[in-house]
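Residue numbers (my numbering), protein chains in the order written: chain W, 511 to 643; chain E, 511 to 643; chain V, 511 to 643. Where is the CB? At the ideal position from N, CA and C, for every residue including glycine. The structure presented is a predicted model; accordingly, all values stated were derived computationally and were not measured.
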Amino acid sequence: MFTGNFDVKTSDRTQMVNITSEVSSAVEESGISEGMCLVYIPHTTASVIVNEGWDPAVMDDISSYLDQRVPWKGGYSHSEGNSAAHIKASMLGHSAIMAVRNGELSLGRWQAVFFCEFDGPRRRSVEVSVIEG
Amino acid sequence: MFTGNFDVKTSDRTQMVNITSEVSSAVEESGISEGMCLVYIPHTTASVIVNEGWDPAVMDDISSYLDQRVPWKGGYSHSEGNSAAHIKASMLGHSAIMAVRNGELSLGRWQAVFFCEFDGPRRRSVEVSVIEG
Amino acid sequence: MFTGNFDVKTSDRTQMVNITSEVSSAVEESGISEGMCLVYIPHTTASVIVNEGWDPAVMDDISSYLDQRVPWKGGYSHSEGNSAAHIKASMLGHSAIMAVRNGELSLGRWQAVFFCEFDGPRRRSVEVSVIEG
Numbered sequence: 511m512f513t514g515n516f517d518v519k520t521s522d523r524t525q526m527v528n529i530t531s532e533v534s535s536a537v538e539e540s541g542i543s544e545g546m547c548l549v550y551i552p553h554t555t556a557s558v559i560v561n562e563g564w565d566p567a568v569m570d571d572i573s574s575y576l577d578q579r580v581p582w583k584g585g586y587s588h589s590e591g592n593s594a595a596h597i598k599a600s601m602l603g604h605s606a607i608m609a610v611r612n613g614e615l616s617l618g619r620w621q622a623v624f625f626c627e628f629d630g631p632r633r634r635s636v637e638v639s640v641i642e643g
Numbered sequence: 511m512f513t514g515n516f517d518v519k520t521s522d523r524t525q526m527v528n529i530t531s532e533v534s535s536a537v538e539e540s541g542i543s544e545g546m547c548l549v550y551i552p553h554t555t556a557s558v559i560v561n562e563g564w565d566p567a568v569m570d571d572i573s574s575y576l577d578q579r580v581p582w583k584g585g586y587s588h589s590e591g592n593s594a595a596h597i598k599a600s601m602l603g604h605s606a607i608m609a610v611r612n613g614e615l616s617l618g619r620w621q622a623v624f625f626c627e628f629d630g631p632r633r634r635s636v637e638v639s640v641i642e643g
Numbered sequence: 511m512f513t514g515n516f517d518v519k520t521s522d523r524t525q526m527v528n529i530t531s532e533v534s535s536a537v538e539e540s541g542i543s544e545g546m547c548l549v550y551i552p553h554t555t556a557s558v559i560v561n562e563g564w565d566p567a568v569m570d571d572i573s574s575y576l577d578q579r580v581p582w583k584g585g586y587s588h589s590e591g592n593s594a595a596h597i598k599a600s601m602l603g604h605s606a607i608m609a610v611r612n613g614e615l616s617l618g619r620w621q622a623v624f625f626c627e628f629d630g631p632r633r634r635s636v637e638v639s640v641i642e643g
């Protein structure tokens, strides 16, 4: 199994960052032609998803929806005050998995991989594991 | 790694389609007896989930809930007008992964694999990757 | 591929159970040093997620949020009356996948693996599959 990682630096509390090229570079670096690629974050207030990369308004709509439905102040009990970020992270998930074919990440035409920051700004880490099959 | 795919034709805007038999056929076709099966869709306005396959009312309740909570018209900025479908897809995810044991998809007694259409009707593609382990 | 499983006994309708040590034991038992670990539940009214394990208030806030937003009685059509549990399960998912490195589950500093009961109390089963890579 190949393991790589890279950092993402966010500048807002909620921010969707297209990390497709970084993930693709890790897959290329792995030298693996067929298998599965796991994009994983070791964080609890952020997510990784696959969604549309063409029109940035799509990710704006997703983050606005989540901000509205999961209010920052909501009578939470966690003393750090960032429960909304943990809730969003539990809904969108901590990882995304995709096939690797012919040495490339197998994404649909409009798909991109996004790091979703819910408690920024922060420096975050993304781990890419590629398993041969 | 074995790779297969099949099409799903949907007839409504929101539609939950039980694809368990198609996924099981791909696993059988792979000839792999032990490993992991990734069900992946190359789309950004649809999802794949595992949930109850016995009573269709369960999937009706899931799709009704999502339709109520993620309204089709909601002051979104994405010009195509299908942001609700992108939001639902980000919440339910683009893939499902299961173990393969004794040459069969390892599902619980009441579990089935569903393709979730959020922006139909359309012709969609489902990719099945099986990795030996 | 190594396959292990263990039971979780829940005592409330909604209950978040930290299962990190059971999952770690299965990884150790597998004897696999590099690969991927799939934590899977064969149920349709429960989930597995990765989130903060340090402050239990985080999981309380996540379950309170879900209880508020997915009411137990909500005009559902599924006759068993537990549609809310199916809806929550579809949102949080039936599995979590993580890398295994140096024979250990590769989790972030604050991360833990949680079994999420949405229709307890029940005796549940958790399956751990570890694939070498």
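Other residues of its chain near residue i: CB distance less than 6 Å, five sequence neighbours each side excluded
{"i": "F516(V)", "result": "E532 and V636"}
{"i": "W582(W)", "result": "A594"}
{"i": "M569(W)", "result": "M526"}
{"i": "Q621(W)", "result": "V560"}
7 Å CB neighbourhood of residue i in its chain, flanking five on each side removed
{"i": "T554(V)", "result": "H596 and A599"}
{"i": "K519(V)", "result": "R633"}
{"i": "V580(E)", "result": "A594, I597 and K598"}
{"i": "R523(E)", "result": "D629 and G630"}
8 Å Cβ shell around residue i - same chain, five flanking residues per side excluded
{"i": "L617(E)", "result": "T530, V560, M608 and V623"}
{"i": "I695(E)", "result": "Nothing in the structure corresponds to residue 695(E), since chain E is present only between 511 and 643."}
{"i": "G584(V)", "result": "S593 and A594"}
{"i": "E562(E)", "result": "V568, M569, W620, Q621 and A622"}
{"i": "S534(V)", "result": "E614 and L615"}
Cα-Cα separation, residue i to residue j
{"i": "E642(W)", "j": "L602(W)", "result": "26 Å"}
{"i": "N612(E)", "j": "N528(V)", "result": "30 Å"}
{"i": "Y586(E)", "j": "S573(V)", "result": "28 Å"}
{"i": "H588(W)", "j": "D629(E)", "result": "37 Å"}
{"i": "D456(W)", "j": "E539(V)", "result": "What the structure shows of chain W is the stretch from 511 to 643, and residue 456(W) is not part of that stretch, so it cannot be assessed."}
{"i": "F512(W)", "j": "G541(V)", "result": "19 Å"}
{"i": "V537(E)", "j": "G545(W)", "result": "16 Å"}
{"i": "A567(V)", "j": "P631(V)", "result": "21 Å"}
{"i": "S521(W)", "j": "Q578(W)", "result": "20 Å"}
{"i": "E590(V)", "j": "L576(E)", "result": "20 Å"}
{"i": "W564(E)", "j": "S639(W)", "result": "36 Å"}
{"i": "V549(E)", "j": "E627(V)", "result": "25 Å"}
{"i": "S543(W)", "j": "G514(W)", "result": "16 Å"}
{"i": "V610(W)", "j": "C547(W)", "result": "6 Å"}
Delimiting residues of the alpha helix (DSSP H) encompassing residue i
{"i": "L576(W)", "result": "P566 to R579"}
{"i": "L602(W)", "result": "S593 to L602"}
N- and C-terminal bounds of the beta strand (DSSP E) containing residue i
{"i": "I559(V)", "result": "A556 to E562"}
{"i": "K519(V)", "result": "F512 to K519"}
{"i": "E539(W)", "result": "No beta strand (DSSP E) holds E539(W); the alpha helix (DSSP H) holding it covers T530 to S540."}
{"i": "R611(E)", "result": "S605 to R611"}
{"i": "L548(E)", "result": "G545 to Y550"}
{"i": "E642(V)", "result": "R633 to E642"}
{"i": "E627(V)", "result": "Q621 to E627"}
field: Residues of the stretch 540 to 557 of chain E whose Cβ lies closer than 9 Å to any Cβ of chain W, in chain order
entry: G545, M546, L548, Y550, I551, P552, H553, T554 and T555
task: Using a Cβ-Cβ cut-off of less than 9 Å, list which residues of the stretch 601 to 615 of chain W approach chain E; keep chain order.
output: M601, L602, G603, A606, I607, M608, A609, V610 and R611
- request: Anything in the stretch 616 to 631 of chain V with a Cβ closer than 8 Å to a Cβ of chain W? List those residues in chain order, please.
  value: S616, L617, G618, R619, W620 and Q621
task: With 7 Å as the C-beta to C-beta threshold (strictly closer), list the residues of the stretch 573 to 588 of chain W near chain E in chain order.
output: Y575
query: If contact means a Cβ-Cβ distance below 8 Å, which residues of the stretch 560 to 571 of chain W contact chain E?
result: V560, N561, E562, D565, A567, V568, D570 and D571
query: Of the residues that make up the stretch 520 to 537 of chain E, which ones have a beta carbon closer than 7 Å to any beta carbon in chain W?
result: none
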